[in-house]
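Residue 225 in the numbering used here sits at position 120 of the sequence shown, with consecutive numbering throughout.
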Amino acid sequence: MTGDRATVHYEAFFFDFDGVLADSVEVKTRAFAKLFEPHGPEVVLKVVQHHRRHGGMTRVDKFRYYYYEYLGKTLSEEEITDLCQQFSELVVDEVVAAPEIKGAEEFVKYWCSRLPCFVISAAPEEEVRQIVQRRAWGQYFKEVLGTPVNKETNLSLVLDKYSLEPSKCLFFGDAESDYKAARAHAVNFVAILPGPEAHLLRVSPQLQWLRDFTEVAQWMSLDNR
(Lines of atoms letter the chains of each structure in order from A and count residues from 1; the text may use other names and numbers.)
(Lines give C-alpha, C1' and ligand atoms only; values in the text may rest on other atoms or scores of the structure.)
Protein backbone atom coordinates (compact mmCIF):
# COMPACT_ATOMS: atom_id res chain seq x y z
CA MET A 1 0.00 0.00 0.00
CA THR A 2 1.42 3.35 -0.95
CA GLY A 3 0.43 6.66 0.50
CA ASP A 4 -1.56 7.57 3.59
CA ARG A 5 -5.12 6.25 3.50
CA ALA A 6 -6.33 9.42 5.28
CA THR A 7 -5.04 11.66 2.48
CA VAL A 8 -5.49 9.52 -0.65
CA HIS A 9 -8.42 10.63 -2.78
CA TYR A 10 -9.34 7.38 -4.47
CA GLU A 11 -10.45 7.37 -8.11
CA ALA A 12 -11.48 3.70 -8.42
CA PHE A 13 -11.66 0.37 -6.58
CA PHE A 14 -10.87 -3.02 -8.12
CA PHE A 15 -12.06 -6.32 -6.65
CA ASP A 16 -11.24 -9.93 -7.27
CA PHE A 17 -14.40 -11.99 -6.77
CA ASP A 18 -13.88 -15.43 -5.22
CA GLY A 19 -12.57 -15.09 -1.68
CA VAL A 20 -12.79 -11.30 -1.79
CA LEU A 21 -16.45 -10.44 -2.40
CA ALA A 22 -17.92 -13.95 -2.07
CA ASP A 23 -16.79 -16.70 0.28
CA SER A 24 -16.62 -19.12 -2.62
CA VAL A 25 -13.04 -20.39 -2.78
CA GLU A 26 -13.95 -23.78 -1.33
CA VAL A 27 -16.75 -24.15 -3.90
CA LYS A 28 -14.04 -24.24 -6.55
CA THR A 29 -11.91 -26.56 -4.40
CA ARG A 30 -14.74 -29.09 -4.16
CA ALA A 31 -15.31 -28.91 -7.91
CA PHE A 32 -11.67 -29.67 -8.71
CA ALA A 33 -11.70 -32.52 -6.20
CA LYS A 34 -14.82 -34.06 -7.74
CA LEU A 35 -13.49 -33.87 -11.29
CA PHE A 36 -10.26 -35.64 -10.29
CA GLU A 37 -11.89 -38.29 -8.07
CA PRO A 38 -11.66 -40.95 -10.82
CA HIS A 39 -7.86 -40.60 -10.71
CA GLY A 40 -7.55 -41.53 -7.05
CA PRO A 41 -7.08 -39.80 -3.69
CA GLU A 42 -3.39 -39.02 -4.15
CA VAL A 43 -4.09 -37.01 -7.30
CA VAL A 44 -7.05 -35.29 -5.64
CA LEU A 45 -4.82 -34.25 -2.72
CA LYS A 46 -2.19 -32.80 -5.06
CA VAL A 47 -4.85 -30.94 -7.05
CA VAL A 48 -6.49 -29.49 -3.94
CA GLN A 49 -3.19 -28.39 -2.41
CA HIS A 50 -2.06 -26.71 -5.62
CA HIS A 51 -5.43 -25.05 -6.18
CA ARG A 52 -5.44 -23.54 -2.68
CA ARG A 53 -1.96 -22.10 -3.21
CA HIS A 54 -2.74 -20.62 -6.64
CA GLY A 55 -6.08 -18.89 -6.29
CA GLY A 56 -5.58 -16.50 -9.19
CA MET A 57 -4.54 -19.12 -11.75
CA THR A 58 -7.17 -19.79 -14.40
CA ARG A 59 -9.00 -23.11 -14.46
CA VAL A 60 -7.75 -23.72 -18.01
CA ASP A 61 -4.14 -23.42 -16.89
CA LYS A 62 -4.86 -25.57 -13.84
CA PHE A 63 -6.42 -28.35 -15.89
CA ARG A 64 -3.47 -28.33 -18.28
CA TYR A 65 -1.02 -28.39 -15.37
CA TYR A 66 -2.80 -31.10 -13.38
CA TYR A 67 -3.20 -33.46 -16.32
CA TYR A 68 0.37 -32.99 -17.49
CA GLU A 69 2.11 -33.00 -14.10
CA TYR A 70 -0.02 -35.52 -12.20
CA LEU A 71 -1.39 -37.74 -14.99
CA GLY A 72 1.23 -37.42 -17.72
CA LYS A 73 -1.34 -36.33 -20.29
CA THR A 74 -1.50 -33.34 -22.63
CA LEU A 75 -5.07 -32.18 -23.05
CA SER A 76 -6.61 -31.29 -26.39
CA GLU A 77 -8.62 -28.09 -26.76
CA GLU A 78 -11.79 -30.18 -26.92
CA GLU A 79 -10.95 -31.91 -23.66
CA ILE A 80 -10.20 -28.59 -21.96
CA THR A 81 -13.52 -27.17 -23.18
CA ASP A 82 -15.37 -30.22 -21.83
CA LEU A 83 -13.64 -30.02 -18.44
CA CYS A 84 -14.37 -26.31 -18.14
CA GLN A 85 -18.02 -26.92 -18.96
CA GLN A 86 -18.24 -29.62 -16.28
CA PHE A 87 -16.52 -27.31 -13.83
CA SER A 88 -18.89 -24.44 -14.58
CA GLU A 89 -21.91 -26.69 -14.10
CA LEU A 90 -20.58 -27.69 -10.69
CA VAL A 91 -19.81 -24.21 -9.40
CA VAL A 92 -22.11 -21.50 -10.77
CA ASP A 93 -25.17 -22.13 -8.61
CA GLU A 94 -23.03 -22.62 -5.52
CA VAL A 95 -21.08 -19.39 -6.09
CA VAL A 96 -24.35 -17.50 -6.56
CA ALA A 97 -25.53 -18.92 -3.22
CA ALA A 98 -22.20 -18.51 -1.38
CA PRO A 99 -22.18 -16.09 1.56
CA GLU A 100 -20.56 -12.74 0.97
CA ILE A 101 -17.30 -11.85 2.63
CA LYS A 102 -18.51 -9.96 5.69
CA GLY A 103 -19.44 -6.37 4.84
CA ALA A 104 -18.71 -6.73 1.10
CA GLU A 105 -22.06 -5.69 -0.34
CA GLU A 106 -22.50 -2.80 2.08
CA PHE A 107 -19.00 -1.55 1.27
CA VAL A 108 -19.43 -1.75 -2.51
CA LYS A 109 -22.94 -0.29 -2.37
CA TYR A 110 -21.61 2.70 -0.40
CA TRP A 111 -18.66 3.35 -2.70
CA CYS A 112 -20.14 2.64 -6.14
CA SER A 113 -22.07 5.91 -6.08
CA ARG A 114 -18.87 7.80 -5.21
CA LEU A 115 -16.34 6.23 -7.57
CA PRO A 116 -16.24 3.49 -10.21
CA CYS A 117 -15.88 -0.08 -8.96
CA PHE A 118 -14.66 -2.97 -11.10
CA VAL A 119 -14.48 -6.75 -10.75
CA ILE A 120 -11.33 -8.32 -12.20
CA SER A 121 -11.52 -12.10 -11.90
CA ALA A 122 -9.67 -15.20 -13.09
CA ALA A 123 -13.03 -16.87 -13.80
CA PRO A 124 -14.43 -16.86 -17.35
CA GLU A 125 -15.87 -13.44 -18.04
CA GLU A 126 -19.38 -14.53 -19.01
CA GLU A 127 -19.58 -16.81 -15.99
CA VAL A 128 -18.55 -14.17 -13.46
CA ARG A 129 -20.88 -11.64 -15.08
CA GLN A 130 -23.75 -14.11 -14.77
CA ILE A 131 -22.91 -14.72 -11.11
CA VAL A 132 -22.71 -11.00 -10.33
CA GLN A 133 -26.09 -10.43 -12.00
CA ARG A 134 -27.76 -13.36 -10.26
CA ARG A 135 -26.54 -12.05 -6.92
CA ALA A 136 -28.16 -8.69 -7.84
CA TRP A 137 -24.81 -6.94 -7.61
CA GLY A 138 -24.62 -5.82 -11.22
CA GLN A 139 -25.59 -2.22 -10.46
CA TYR A 140 -22.58 -1.80 -8.21
CA PHE A 141 -19.89 -2.35 -10.86
CA LYS A 142 -18.85 -0.26 -13.82
CA GLU A 143 -17.43 -3.36 -15.49
CA VAL A 144 -16.98 -7.05 -14.65
CA LEU A 145 -13.95 -8.55 -16.38
CA GLY A 146 -12.52 -12.06 -16.50
CA THR A 147 -10.65 -14.56 -18.64
CA PRO A 148 -9.50 -15.29 -21.28
CA VAL A 149 -7.83 -11.89 -20.69
CA ASN A 150 -5.53 -12.04 -17.67
CA LYS A 151 -5.83 -9.75 -14.66
CA GLU A 152 -2.79 -7.64 -15.42
CA THR A 153 -4.03 -6.86 -18.93
CA ASN A 154 -7.61 -6.21 -17.80
CA LEU A 155 -6.35 -3.84 -15.13
CA SER A 156 -4.26 -1.99 -17.71
CA LEU A 157 -7.24 -1.74 -20.07
CA VAL A 158 -9.47 -0.24 -17.37
CA LEU A 159 -6.85 2.23 -16.18
CA ASP A 160 -6.41 3.46 -19.76
CA LYS A 161 -10.08 3.43 -20.70
CA TYR A 162 -11.15 5.55 -17.73
CA SER A 163 -7.96 7.68 -17.53
CA LEU A 164 -7.35 6.59 -13.94
CA GLU A 165 -4.27 7.54 -11.93
CA PRO A 166 -2.87 4.20 -10.63
CA SER A 167 -1.58 5.71 -7.38
CA LYS A 168 -5.15 6.78 -6.60
CA CYS A 169 -6.68 3.34 -7.21
CA LEU A 170 -7.01 0.42 -4.81
CA PHE A 171 -7.15 -3.30 -5.63
CA PHE A 172 -8.68 -5.76 -3.15
CA GLY A 173 -7.44 -9.30 -3.79
CA ASP A 174 -6.53 -12.58 -2.15
CA ALA A 175 -4.14 -14.18 -4.64
CA GLU A 176 -0.60 -13.64 -5.82
CA SER A 177 -1.93 -12.85 -9.31
CA ASP A 178 -3.99 -9.99 -7.85
CA TYR A 179 -0.97 -8.52 -6.12
CA LYS A 180 1.25 -8.93 -9.17
CA ALA A 181 -1.32 -7.21 -11.40
CA ALA A 182 -1.63 -4.29 -8.98
CA ARG A 183 2.13 -4.01 -8.51
CA ALA A 184 2.76 -4.10 -12.28
CA HIS A 185 0.69 -0.94 -12.66
CA ALA A 186 1.62 0.77 -9.36
CA VAL A 187 -1.93 0.36 -8.05
CA ASN A 188 -2.39 0.24 -4.27
CA PHE A 189 -3.22 -3.21 -2.91
CA VAL A 190 -4.95 -4.60 0.16
CA ALA A 191 -5.27 -8.35 0.69
CA ILE A 192 -8.56 -9.82 1.94
CA LEU A 193 -7.54 -13.00 3.73
CA PRO A 194 -9.01 -15.38 6.30
CA GLY A 195 -5.98 -15.20 8.57
CA PRO A 196 -2.19 -14.89 8.87
CA GLU A 197 -1.65 -18.45 7.62
CA ALA A 198 -2.86 -17.50 4.10
CA HIS A 199 -0.51 -18.51 1.29
CA LEU A 200 -0.24 -14.96 -0.05
CA LEU A 201 1.32 -13.80 3.22
CA ARG A 202 3.91 -16.55 3.03
CA VAL A 203 4.90 -15.22 -0.39
CA SER A 204 4.59 -11.51 0.48
CA PRO A 205 4.57 -11.13 4.28
CA GLN A 206 4.83 -7.34 4.07
CA LEU A 207 1.37 -6.90 2.60
CA GLN A 208 -1.38 -4.90 4.25
CA TRP A 209 -4.16 -7.42 4.86
CA LEU A 210 -7.59 -7.46 6.46
CA ARG A 211 -10.11 -10.22 7.10
CA ASP A 212 -13.23 -8.64 5.61
CA PHE A 213 -14.88 -5.39 4.59
CA THR A 214 -16.00 -4.44 8.07
CA GLU A 215 -12.28 -4.26 8.85
CA VAL A 216 -11.66 -2.41 5.57
CA ALA A 217 -14.31 0.17 6.46
CA GLN A 218 -12.73 0.67 9.86
CA TRP A 219 -9.25 0.85 8.34
CA MET A 220 -10.42 3.53 5.92
CA SER A 221 -12.25 5.37 8.70
CA LEU A 222 -15.38 5.04 6.60
CA ASP A 223 -17.70 6.03 9.43
CA ASN A 224 -15.91 9.34 9.85
CA ARG A 225 -16.04 10.46 6.22
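Note that CB positions come from ideal geometry on N, CA and C, so glycine has one too.
- Taking a C-beta distance under 8 angstroms as the contact criterion, Gly278 and Asp123 do not qualify as a contact pair.
- Ranked by Cα distance from Thr134, the first of Phe119, Leu126, Lys151 and Pro143 is Lys151.
- Closest option to Glu248, judged by alpha-carbon separation, among Tyr171, Gln191, Tyr267 and Gln311: Tyr267.
- Between the stretch 242 to 260 and the stretch 203 to 214 there are three or more C-beta pairs closer than 8 angstroms, enough to call the two in contact.
- Classified as buried, Arg164 has 16 or more neighbouring CB atoms from the shown chains inside 10 Å of its CB.
- The stretch 222 to 240 makes contact with the stretch 193 to 205: 3 or more CB pairs, one atom from each, lie closer than 8 angstroms.
- Measuring C-alpha to C-alpha distances from Ala280 to each of Tyr171, Cys222 and Met162 identifies Met162 as the nearest.
- In the DSSP secondary-structure assignment, Val224 is bridged to Phe120 and Val249.
- Inclusion of Ala127 and Val200 in the CB contact set at 8 angstroms is warranted, their separation being smaller than that value.
- The straight-line gap separating the alpha-carbon atoms of Thr252 and Leu188 is approximately 16 angstroms.
- Cβ-Cβ distances below 7 angstroms link Trp216 to Phe118 and Cys222 in the same chain, with the five nearest sequence neighbours on each side left out; the list follows chain order.
- Secondary structure note for Ala287: its alpha helix (DSSP H) is the uninterrupted segment Glu281 to Ala289.
- Going by C-alpha positions, Lys139 is about 29 angstroms away from Asp317.
- In the DSSP assignment, Asn293 is bridged to Leu275.
- Between the beta-carbon of Leu275 and that of Asn293 there is about 5 angstroms, and that keeps the pair under the 8 angstroms contact cut.
- Where Ser261 is concerned, the enclosing alpha helix (DSSP H) starts and stops at Lys256 to Lys266.
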